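See structure below.
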Amino acid sequence: MINVEHLTKYYGDLCAVDDVSFEINKGEILGLLGPNGAGKTTIYRILTGYLTPTSGTIKVKDYNIIDHFLEIKGLIGYLPENAPIYHDMLVFDYLNFVADIRGVAKDKKLTHIKELADLCNLNEVMHKTVEELSKGYRQRVGIAHALMGDPEILVLDEPTSGLDPNQIAETRDIIKRIGKQKTIVFSTHILSEAEATCDRMVIINQGKIVANDKLSDLKKSLKEDSFENIFRTLTREN
Amino acid sequence: MEQIKHIFKKEFKTYFISPIAYIVISIFLLIIGWLFFSTFFLNRQANMSRFFSMLPITFSFVIPAITMRLFSEEINVGTYEILLTLPVTFRDIIVGKFLASVAFVGIMLAPTLVYAISITFIGNLDWGPVIGGYLGALLLGAGYCAIGLLTSSITRNQVVAFIIGMTVCFFLTLLTDFMLYFLPDTFVEFFQHLSANYHFRNIAKGVVDSRDILYFASLSFIALYVANLVMQEKK
Chain A
2 MINVEHLTKY YGDLCAVDDV SFEINKGEIL GLLGPNGAGK TTIYRILTGY LTPTSGTIKV
62 KDYNIIDHFL EIKGLIGYLP ENAPIYHDML VFDYLNFVAD IRGVAKDKKL THIKELADLC
122 NLNEVMHKTV EELSKGYRQR VGIAHALMGD PEILVLDEPT SGLDPNQIAE TRDIIKRIGK
182 QKTIVFSTHI LSEAEATCDR MVIINQGKIV ANDKLSDLKK SLKEDSFENI FRTLTREN
Chain B
-9 MEQIKHIFKK EFKTYFISPI AYIVISIFLL IIGWLFFSTF FLNRQANMSR FFSMLPITFS
51 FVIPAITMRL FSEEINVGTY EILLTLPVTF RDIIVGKFLA SVAFVGIMLA PTLVYAISIT
111 FIGNLDWGPV IGGYLGALLL GAGYCAIGLL TSSITRNQVV AFIIGMTVCF FLTLLTDFML
171 YFLPDTFVEF FQHLSANYHF RNIAKGVVDS RDILYFASLS FIALYVANLV MQEKK
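The listed protein sequences correspond, in order, to chains A and B. Quick note on this note's numbering: the first sequence kicks off at 2 and runs consecutively. Quick note on this note's numbering: the second sequence kicks off at -9 and runs consecutively.
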């Protein structure tokens, strides 16, 4: 479904992503993990057309990120880190705008927005502005934004960061529920969450891939049972 | 086209959600009204030429205030990432935002039609220059909006966007006026073709010449095109 091929990205002299290749299969929930500054967000930003790679490419289906970014953007629902959403818009207006841009048919638009509001528990805040919302609600608006227009692929950059344990459980629940029909890439710093949701892990550190496997296989090959220890061994600096 | 329409709708709506719109419109009407009517009765002429002659200088600082948030705010708050990852092209975003700001200028100008109507009660108003003036005002507004949009795209700081935008617009407004004093006539003649004020005055006389329209069209196009390059560069 998604092929990341020799992806490299420099910010000036700083190498954020260094020759990274991996693939994501259809219907898979992939955890892209790594410490802060490892290059996860950069990979997401390239995948979603926000940045262009210095070299290498990403292919989604048969589309190439450089030549067909518009088609790829249409296939992907993206929740950026911290869900930066137009803070002066009403939640309904915002979702309505996203629905229009994503080309949701006029006659189905209202029911689709209603569906997503139900799924993400947004019904009480539809007529509030985004800046009035708590962090948890804002994050949920972000998830509804990513799900708008029923995209095949979901890219969620730390969807649970800053949420309380109840909200984290809820969000995980939503991801699991929608994950049955979709291809999902997401990142998190809560390892137990990754353990519970992901089919496979790609762990990166300082712009390079250090592991790409099922967790059970990782545990076997490293002869280590605690995921936390595995993560720390793999991503310890030098 | 569809996408441009959606971006336009959103941007236009956003103007009226925030208080900026109402503040800018009030200040504009206050200043232009004062500049116009303070000498209107002294001139004893039933025309709006004074109003239109003050427009370029007023637009020079009002329009950058309208356009300063277009990109700067999005870059600063982070919504720029959301916008760019939606299935739209740079062109859709730029044209949508541009048209929204031009429409806003139209709304801002609309109340001044009252001046024209009230003048008809006290004298014989020649509508030719008035219609030409408003057409010119929209074209001038479009050109300055494009410049403001460009300066907004280069910085995340709205104040910086405003100051640079204002400087460029002032420069285009005053280009010939202040050079008249210390440059030979041949230079002035050449440079006046680059001056927004010169072309605006031509249209405001009521003579609509394709050269003047072309000037504003190219000014807008170039500024929007450069904004496109700036966005490309940021990727």
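The beta carbon of each residue, even a glycine, is placed where N, CA and C say it ideally should be. Quick caveat, the model's predicted, so the values are computed rather than measured.
_Cβ of Pro85 (chain A) within 8 Å of any chain B Cβ_ = As a position in the first sequence, residue 85 (chain A) is number 84, starting the count at 1. Chain B, which has a Cβ nearer than 8 Å to the Cβ of Pro85 (chain A), makes this yes.
*Close beta carbons around Asp89 (chain A), own chain, < 8 Å, minus the five adjacent residues each side*: Along the first sequence, one-based indexing puts residue 89 (chain A) at 88. Around Asp89 (chain A): Thr130, Val131 and Glu132.
_Three-state class that DSSP yields for Tyr1 (chain A) in the structure shown_ = Because chain A spans 2 through 239 in this model, residue 1 (chain A) falls outside it and cannot be assessed.
_Partners in chain A for Val78 (chain B), counting only beta-carbon separations shorter than 9 Å_ = Your numbering for residue 78 (chain B) matches position 88 in the second sequence. Neighbours of Val78 (chain B) on chain A, chain order: Leu71, Lys74 and Ile102.
*For Ala106 (chain A), count neighbouring Cβ atoms within 10 angstroms of its own Cβ and tell me buried if that reaches 16, exposed if not.*
Looking up residue 106 (chain A) in the first sequence gives position 105. Classification for Ala106 (chain A): exposed.
_Beta-carbon proximity check, Leu48 (chain A) vs Val156 (chain A), cutoff 8 Å_ = For this step, residue 48 (chain A) is matched to residue 47 along the first sequence. For this step, residue 156 (chain A) is matched to residue 155 along the first sequence. Their beta carbons are under 8 Å apart, which means Leu48 (chain A) touches Val156 (chain A) by this criterion.
*Inspect the beta-carbon positions of Ile72 (chain B) and Pro81 (chain A) and report whether they are closer than 8 Å.*
As a first step, residue 72 (chain B) is located in the second sequence; it is residue number 82 there, counting from the start. As a first step, residue 81 (chain A) is located in the first sequence; it is residue number 80 there, counting from the start. Their beta carbons are under 8 Å apart, which means Ile72 (chain B) touches Pro81 (chain A) by this criterion.
_So, with DSSP's three-state summary, where would you put Leu165 (chain B)?_
Numbered from its first residue, the second sequence carries residue 165 (chain B) at position 175. In this structure, Leu165 (chain B) counts as coil in the three-state DSSP scheme.
_Residue-level contact to chain B via CB, Pro81 (chain A), 8 Å cutoff_ = Numbered from 1 along the first sequence, position 80 holds the residue referred to as residue 81 (chain A). Yes, contact with chain B.
_Here's the rule I'm using: 16 or more other beta-carbon atoms within 10 Å means buried, otherwise exposed. How should Glu280 (chain B) be labelled?_
Residue 280 (chain B) lies beyond the residue range present for chain B, which begins at -9 and ends at 225; the question has no answer from this structure.
*Kindly indicate the opening and closing residues of the beta strand (DSSP E) around Ala106 (chain A).*
The residue labelled residue 106 (chain A) in the question sits at position 105 within the first sequence. Careful: Ala106 (chain A) lies outside any beta strand (DSSP E) and carries neither H nor E.
*Pull up the CB-CB distance for Glu153 (chain A) and Lys110 (chain A), whole angstroms please, since I reckon it's below 8 Å.*
As a working mapping, residue 153 (chain A) is identified with position 152 in the first sequence. As a working mapping, residue 110 (chain A) is identified with position 109 in the first sequence. Contact doesn't hold; Cβ gap of about 20 Å is too wide.
*Taking all protein chains shown into account, do 16 or more other C-beta atoms lie within 10 angstroms of the C-beta of Gln222 (chain B), making it buried, or fewer, making it exposed?*
Against the second sequence, residue 222 (chain B) aligns to sequence position 232. Flag for Gln222 (chain B) reads exposed.
_With a threshold of 8 Å between beta-carbons, can Thr55 (chain A) be considered close to chain B, or not?_
Along the first sequence, read from residue 1 onward, the residue named residue 55 (chain A) stands at position 54. Not closer than 8 Å to any Cβ of chain B, the Cβ of Thr55 (chain A) fails to qualify, so no.
_Contact belief for Ile102 (chain A) with His(-4) (chain B) at Cβ below 8 Å, rounded distance in angstroms_ = What you label residue 102 (chain A) is simply residue 101 of the first sequence in a count that begins at 1. What you label residue -4 (chain B) is simply residue 6 of the second sequence in a count that begins at 1. Confirmed, Cβ separation roughly 5 Å.
*Taking only beta carbons into account, state which residues of the region -1 to 12 of chain B come closer than 9 Å to chain A, listed in chain order.*
Lys(-1), Lys0, Lys3, Thr4, Ile7 and Ser8
*asked:* Could you check whether the Cβ of His113 (chain A) sits closer than 8 Å to any Cβ belonging to chain B?
replied: As a working mapping, residue 113 (chain A) is identified with position 112 in the first sequence. The beta carbon of His113 (chain A) sits no closer than 8 Å to any beta carbon of chain B.
*Who are the neighbours of His128 (chain A) on chain B, taking C-beta pairs under 8 Å?*
Counted from its first residue, the first sequence places residue 128 (chain A) at position 127. Within chain B, no residue comes near His128 (chain A); the closest Cβ sits about 14 Å away, beyond 8 Å.
*With a Cβ-Cβ cutoff of 8 Å, do Ala55 (chain B) and Phe(-2) (chain B) count as a contact?*
Residue 55 (chain B) sits at position 65 when you count from the first residue of the second sequence. Residue -2 (chain B) sits at position 8 when you count from the first residue of the second sequence. No; because the gap between Cβ atoms is not below 8 Å, this pair is not in contact.
*Is DSSP giving Ser200 (chain B) helix, strand or coil here?*
For the purposes of this step, residue 200 (chain B) is identified with residue 210 of the second sequence, where counting begins at 1. The answer is helix: DSSP assigns Ser200 (chain B) an H, G or I state.
*Using a cut-off of 9 Å between C-beta atoms, extract the partners of Tyr51 (chain A) located in chain B.*
Taking the first residue of the first sequence as 1, we reach residue 51 (chain A) at position 50. The answer, in chain order, is Tyr70, Glu71, Leu74, Thr75 and Lys225.
*chain A contacts from the region 182 to 207 of chain B (Cβ-Cβ distance under 8 Å)*: none
_My parser needs the alpha helix (DSSP H) runs of 4 or more residues fully inside the region 72 to 118 of chain B; what are they?_
80 to 99 and 103 to 112
*Comparing the C-beta of Val67 (chain B) with each C-beta of chain A, is any distance below 8 Å?*
Walking along the second sequence from the start, residue 67 (chain B) turns up at place 77. It does; some Cβ of chain A falls within 8 Å.
*Label Ser222 (chain A) either buried or exposed according to how many other C-beta atoms from any shown protein chain fall within 10 Å of its C-beta, with 16 as the threshold for buried.*
On the first sequence, residue 222 (chain A) is found 221 positions in, with the first residue counted as 1. Label assigned to Ser222 (chain A): exposed.
_Is Phe98 (chain A) close to chain B? Criterion is C-beta to C-beta, closer than 8 Å._
Counting from one through the first sequence, the residue named residue 98 (chain A) turns up at place 97. Phe98 (chain A) counts as touching chain B.
*What is the rounded straight-line gap between the Cα of Asp108 (chain A) and the Cα of Ile114 (chain A)?*
Translated into positions along the first sequence, residue 108 (chain A) becomes position 107. Translated into positions along the first sequence, residue 114 (chain A) becomes position 113. So the alpha carbons of these two residues sit roughly 11 Å apart.
*Determine the extent of the beta strand (DSSP E) in which Leu157 (chain A) is found, giving its start and end residues.*
Here the question's residue 157 (chain A) lines up with position 156 in the first sequence. Where Leu157 (chain A) is concerned, the enclosing beta strand (DSSP E) stretches over Ile154 to Asp158.
*Below 8 Å on the Cβ atoms is my guess for Leu165 (chain B) versus Ser185 (chain B); work out the distance and round it to an integer in Å.*
Residue mapping note: residue 165 (chain B) aligns to position 175 of the second sequence, counting from 1. Residue mapping note: residue 185 (chain B) aligns to position 195 of the second sequence, counting from 1. With 8 Å as the limit, Leu165 (chain B) and Ser185 (chain B) qualify as a contact, their Cβ atoms being about 4 Å apart.
*asked:* Based on DSSP bridge pairs, tell me the residues matched to Tyr12 (chain A).
replied: Indexing the first sequence from 1 puts residue 12 (chain A) at position 11. DSSP, once it has assigned bridges, lists A:Leu15 as partnering Tyr12 (chain A).
*Expressed to the nearest angstrom, what Euclidean distance is found between the alpha-carbon atoms of Phe98 (chain A) and Gln207 (chain A)?*
As a working mapping, residue 98 (chain A) is identified with position 97 in the first sequence. As a working mapping, residue 207 (chain A) is identified with position 206 in the first sequence. Rounded to the nearest angstrom, the two C-alpha atoms are 37 Å apart.
_Taking DSSP's pairing of strands, which residues face Gly32 (chain A) in a bridge?_
Within the first sequence, the letter at position 31 stands for residue 32 (chain A). According to DSSP, which records beta bridges pairwise, Gly32 (chain A) is partnered with A:Phe187 and A:Met202.
*Measuring only between beta-carbons, confirm whether Gln(-7) (chain B) sits less than 8 Å from chain A.*
By 1-based counting over the second sequence, the position of residue -7 (chain B) is 3. Yes, Gln(-7) (chain B) lies at the interface with chain A (some Cβ there is under 8 Å from its Cβ).
*Could you say which of A:Tyr45, A:Leu33 and A:Ile185 lies nearest to Ile191 (chain A) if we only look at CA atoms?*
On the first sequence, residue 191 (chain A) is found 190 positions in, with the first residue counted as 1. Looking only at A:Tyr45, A:Leu33 and A:Ile185, the smallest Cα-Cα distance to Ile191 (chain A) is reached by A:Leu33.
*Spatial distance of Glu(-8) (chain B) from Ala36 (chain B) (CA atoms)*: Indexing the second sequence from 1 puts residue -8 (chain B) at position 2. Indexing the second sequence from 1 puts residue 36 (chain B) at position 46. Computed Cα separation, rounded: 45 Å.
*Which stretch, first to last residue, makes up the beta strand (DSSP E) that contains Asn213 (chain A)?*
If you number the first sequence from 1, residue 213 (chain A) lands on position 212. Bounds of the beta strand (DSSP E) holding Asn213 (chain A) are Lys209 to Asp214.
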